[in-house]
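Here it is in structure tokens:
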């Protein structure tokens with residue numbers, strides 16, 4: 001294993017120390033671990049907080065800043081953060097408008113963020129959890145019940161962070177977040193595996209002419225393996241799966257603040273159809289160069305045009321990664337005038353910045 | 357070779373087509389190939405133009421936009437662009453204030469940009485060439501006479517692009533560019549090689565426990581190979597080489613517009629010393645994740661502090677790459693109030709953006 005690390009046990013701590021030194025606009029706590037806006041606590045704005053396993057940088061820590069996340073909680077590599085991290089982060093940043101936890105749909109993350117929400121609620125802080133489950137690869141994988149949360153997270157955190165900055169209240173932020181999630185669909189593929197530092201060898205092995213379609217961001221098994229294809233063929237496979245994805249039914253869990261309990265209701269995500277306008281993300285899994293992402297974007301744009309889908313905004317780069325994995329994921333999020341204006345609003349974070 | 361490409365012969369064209377679709381604020385010509393600001397030609401501001409082999413993305417195309425480059429000329433992978441590209445780019449963007457060509461010190465680039473300067477001059481456009489030669493690894497390598505141009509290019513293009521935007525004339529821009537170059541020093545290392553698409557196999561081979569210090573951005577041989585070290589040890593090696601680097605004498609070639617000839621004078625770059633203030637770049641060679649760069653930055657910050665060097669600004673990410681190569685380079689550029697204010701000025705490009 002060749003990585004720019006010191007001791008395996010100190011990987012996250014040392015990365016956070018470096019991040020703190022490089023970004024004085026962030027306040028980074030090492031025990032428990034969280035990354036927060038240095039100007040927190042917020043006074044009267046909703047604090048949007050996310051988190052998850054490390055190894056997906058810049059997500060989530062690189063999205064902390066004005067107009068996006070108030071705080072992020074990094075777990076160990078590919079491992080959920082713990083409720084005490086989320087609880088401490090919430091107390092560090094929350095003002096009177098409460099806390100919105102943005103949770104990717106992995107069992108550990110869901111459980112720990114729900115525990116944290118209950119703890120925060122007990123302290124009298126308004127709280128709500130929203131889930132991201134946008135990966136069309138699998139409905140049930142080895143790691144999770146239901147779809148995994150992947151690329152839509154990036155777009156959701158930008159949009160809802162802007163809404164919080166604009167003064168939306170907690171319920172409005174939660175409603176918007178759920179809409180963005182229901183509008184988002186993603187699919188990823190790997191050319192190579194990655195190596196988790198504590199494991200020291202690749203999570204999986206692909207042959208010299210082999211690729212995997214539908215991988216998760218933690219190296220979860222994909223839908224299938226196939227031989228190497230051209231960029232156009234790979235992009236067509238990913239985009240067709242996203243655009244041909246039908247209705248998706250799932251249970252939405254919501255924190256009922258009045259009765260201090262979780263309530264569930266069934267929701268149905270509707271497919272993308274001709275006439276829809278989208279924000280498109282072409283995302284490197286970590287080790288794929290920017291130039292190859294543009295080759296993918298080229299075909300994505302042509303496919304969307306041929307299907308009557310209009311790309312209004314795009315993001316091409318490494319935003320939700322799996323360490324040094326080579327590969328690409330594509331995310332399309334249907335947009336409307338409200339989502340679009342929140343996307344365009346100013347943001348100032350290490351990884352996404354405009355308007356400042 | 358597993359890459360997200362179609363035919364090897366179309367790699368650059370298709371990447372440019374994707375880039376054009378993703379960035380409507382750019383105007384991209386495919387024959388000859390150049391990337392320009394869509395709002396060009398500039399009227400009364402100096403057009404800063406750069407270029408070089410492809411494979412280093414986002415450099416240079418990702419730096420085209422308001423406050424940085426007016427245009428960039430991409431060659432084939434790791435191959436100099438041709439004079440006709442530079443000539444066409446200059447005509448596409450130049451206003452009355454003329455053209456500054458920013459050239460990394462590789463024999464082909466230097467020769468072709470000098471030819472282009474003569475062609476542009478013959479058309480009555482004011483022109484000047486400035487060289488970047490900041491790599492302390494080697495004074496003479498397989499590919500070039502003198503030091504290679506690496507990470508300082510990123511900082512120089514930002515600073516001089518801001519100066520052009522602020523209304524500096526051509527000679528002022530050239531003087532500032534030469535000062536930034538004389539203030540900049542870099543060193544890089546590789547954990548892995550990269551694979552040039554047209555070649556189809558890795559440029560060099562490193563063992564499972566082997567790294568190379570002092571590599572160039574085209575896979576040029578480095579100073580030496582050694583066994584795998586910790587992030588702290590690797591960072592210390594790079595930073596010490598940069599800070600211990602002494603005076604560097606070289607010939608500076610300048611276009612004498614009055615006499616239409618190249619003139620040379622000897623210049624001496626002075627070392628970085630305690631009390632200096634710097635802009636620091638920790639750069640991924642392409643395949644190294646953001647998290648590992650922060651581990652390197654952590655040690656870089658400590659080493660600079662212990663040597664009395666104050667880091668005023670930093671940039672941590674993939675800015676000047678070698679395709680999917682894993683590894684890191686460090687660049688320190690001494691700064692002064694003028695350079696710092698130009699660094700902080702607004703910039704709006706695909707890869708660097710603030711103030712917009």
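Chains as they are written, first to last, in our numbering: chain A, 1 to 356; chain B, 357 to 712.
Quick reminder that beta carbons are idealized off the backbone N, C-alpha and C, glycines included.
The structure presented is a predicted model; accordingly, all values stated were derived computationally and were not measured.
Residue i vs residue j beta-carbon contact at 8 angstroms
i	j	result
residue 187 of chain A	residue 214 of chain A	yes
residue 708 of chain B	residue 424 of chain B	yes
residue 40 of chain A	residue 87 of chain A	no
residue 317 of chain A	residue 290 of chain A	yes
residue 624 of chain B	residue 653 of chain B	no
residue 534 of chain B	residue 467 of chain B	no
residue 93 of chain A	residue 42 of chain A	yes
residue 241 of chain A	residue 211 of chain A	no
residue 299 of chain A	residue 235 of chain A	yes
residue 516 of chain B	residue 404 of chain B	yes
residue 61 of chain A	residue 643 of chain B	no
residue 295 of chain A	residue 371 of chain B	yes
residue 120 of chain A	residue 130 of chain A	no
residue 401 of chain B	residue 699 of chain B	no
residue 572 of chain B	residue 491 of chain B	yes
In DSSP terms, what residue i is bridged to
i	result
residue 101 of chain A	A:49, A:129
residue 283 of chain A	A:317, A:329
residue 585 of chain B	BP columns for residue 585 of chain B are empty, so no partner.
residue 268 of chain A	A:249
residue 491 of chain B	B:542
residue 302 of chain A	According to DSSP, which records beta bridges pairwise, residue 302 of chain A is partnered with nothing at all.
residue 66 of chain A	A:348
residue 107 of chain A	According to DSSP, residue 107 of chain A bridges with nothing at all.
Length of the line joining the Cα atoms of residue i and residue j
i	j	result
residue 6 of chain A	residue 64 of chain A	26 angstroms
residue 407 of chain B	residue 704 of chain B	18 angstroms
residue 336 of chain A	residue 274 of chain A	14 angstroms
residue 334 of chain A	residue 306 of chain A	17 angstroms
residue 95 of chain A	residue 70 of chain A	11 angstroms
residue 695 of chain B	residue 701 of chain B	10 angstroms
residue 599 of chain B	residue 685 of chain B	14 angstroms
residue 284 of chain A	residue 658 of chain B	31 angstroms
residue 497 of chain B	residue 606 of chain B	Only weak support exists for where residue 497 of chain B lies, its pLDDT of 47 falling under 50; the value from the coordinates is given anyway. Their Cα atoms are separated by approximately 15 angstroms.
residue 575 of chain B	residue 326 of chain A	19 angstroms
residue 671 of chain B	residue 22 of chain A	8 angstroms
residue 669 of chain B	residue 541 of chain B	15 angstroms
residue 356 of chain A	residue 432 of chain B	35 angstroms
residue 555 of chain B	residue 56 of chain A	31 angstroms
residue 502 of chain B	residue 677 of chain B	21 angstroms
residue 519 of chain B	residue 710 of chain B	16 angstroms
residue 343 of chain B	residue 463 of chain B	Absent from the model: residue 343 of chain B. The displayed extent of chain B is 357 to 712, so no value can be given.
residue 618 of chain B	residue 480 of chain B	17 angstroms
residue 369 of chain B	residue 311 of chain A	21 angstroms
residue 155 of chain A	residue 180 of chain A	8 angstroms
residue 201 of chain A	residue 3 of chain A	11 angstroms
residue 439 of chain B	residue 616 of chain B	18 angstroms
residue 579 of chain B	residue 1 of chain A	23 angstroms
residue 10 of chain A	residue 375 of chain B	38 angstroms
residue 489 of chain B	residue 255 of chain A	59 angstroms
residue 470 of chain B	residue 436 of chain B	12 angstroms
residue 109 of chain A	residue 54 of chain A	12 angstroms
Within chain B, partners of residue i - CB distance below 7 angstroms
i	result
residue 78 of chain A	Those do not exist, as residue 78 of chain A stays about 12 angstroms from chain B at its closest Cβ, beyond 7 angstroms.
residue 289 of chain A	413, 642, 677, 679, 680
residue 231 of chain A	360, 361, 362
Within chain A, partners of residue i - CB distance below 7 angstroms
i	result
residue 670 of chain B	22
residue 370 of chain B	295, 298
residue 710 of chain B	353, 356
residue 511 of chain B	The contacting residues do not exist; residue 511 of chain B stays about 15 angstroms from chain A at best.
residue 657 of chain B	21
Contact list for residue i against chain A, beta-carbon separation under 8 angstroms
i	result
residue 476 of chain B	Residues of chain A passing the Cβ test: none, with the nearest at roughly 28 angstroms.
residue 648 of chain B	3, 4, 5, 15
residue 547 of chain B	2, 3, 4
Chain A contact residues for residue i, given Cβ-Cβ distances below 9 angstroms
i	result
residue 698 of chain B	Under the 9 angstroms cutoff, chain A gives no residues; its nearest Cβ is about 18 angstroms from residue 698 of chain B.
Contacts that residue i makes with chain B (C-beta to C-beta distance below 8 angstroms)
i	result
residue 54 of chain A	647
>> Quick check: the region 546-555 of chain B against the region 505-519 of chain B, are at least 3 beta-carbon pairs closer than 8 angstroms?
In response: no
Do the region 96-116 of chain A and the region 375-392 of chain B make contact, defined as three or more Cβ pairs closer than 8 angstroms? By the Cβ criterion, the region 96-116 of chain A is not in contact with the region 375-392 of chain B, since fewer than three pairs of Cβ atoms, one from each stretch, lie closer than 8 angstroms.
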